[in-house]
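> Structure below; questions to follow.
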Amino acid sequence: MRTYELVVIYGVDQVPELTAAHIDAVTERISAHGGEVDTANTWGRRKFAYPIKKQREGHYVLLKFTIDPANIGELEASLRLVEDVTRFLIVAEDPEVAAYEAKQLAELHR
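Structure representation (structure tokens):
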């Protein structure tokens with residue numbers, strides 16, 4: 323199992339208000355492919371750097387999850403079928419960066 327980060331963008335035309343049901347649709351797909359969601363952070367509504375599908379804004383959600391690397395291709399194909407998702411990006415989490423972030427967070431809470 324490996325840890326990944328998934329950024330999902332929902333277009334404001336399709337999803338005027340982001341609800342838990344939208345996030346649950348993605349987390350269910352992760353679970354269906356043998357993954358487990360660790361955290362889900364909503365970044366809110368943000369402007370795009372350039373228009374995407376004739377839209378200028380979207381709702382951003384960051385999900386951290388663990389899954390077998392062999393299932394990533396199937397998960398990506400499954401996410402393409404979610405109608406409300408405008409864009410998504412899955413990246414493998416770098417263990418060194420994760421350790422650095424944990425250290426910074428621990429120092430911040432001292």
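Take the sequence shown: its letters are residues 323 to 432, numbered as in this note's numbering. Heads up, the beta-carbon is just placed ideally off N, CA and C, and yes, glycines get one too.
#1: Identify the residues that DSSP records as bridge partners of asparagine 372: which are they?
#2: Would you be able to state if there are at least three C-beta pairs under 8 Å between the segment 371-382 and the segment 410-427?
#3: Can you find at least 3 beta carbon pairs, one from the segment 401-411 and one from the segment 358-366, that sit closer than 8 Å?
#4: Going by CA-CA distance only, name the one from Ala399, Glu379, Glu415 and Asn393 that's closest to leucine 340.
#5: Would you decide whether valine 419 is buried or exposed? Buried here means 16 or more other CB atoms lie within 10 Å of its CB.
#6: In whole angstroms, give me the CA-to-CA distance for proline 391 and glutamate 358.
In short:
#1: Note on residue identity: the sequence assigns tyrosine, not asparagine, to residue 372. Tyrosine 372 is not bridged to any residue.
#2: These segments do not touch.
#3: No contact exists between the segment 401-411 and the segment 358-366.
#4: Residue Glu379 is the option with its Cα nearest to leucine 340.
#5: Exposed: under 16 other Cβ atoms inside 10 Å.
#6: Going by the C-alpha atoms only, they are around 13 Å apart.
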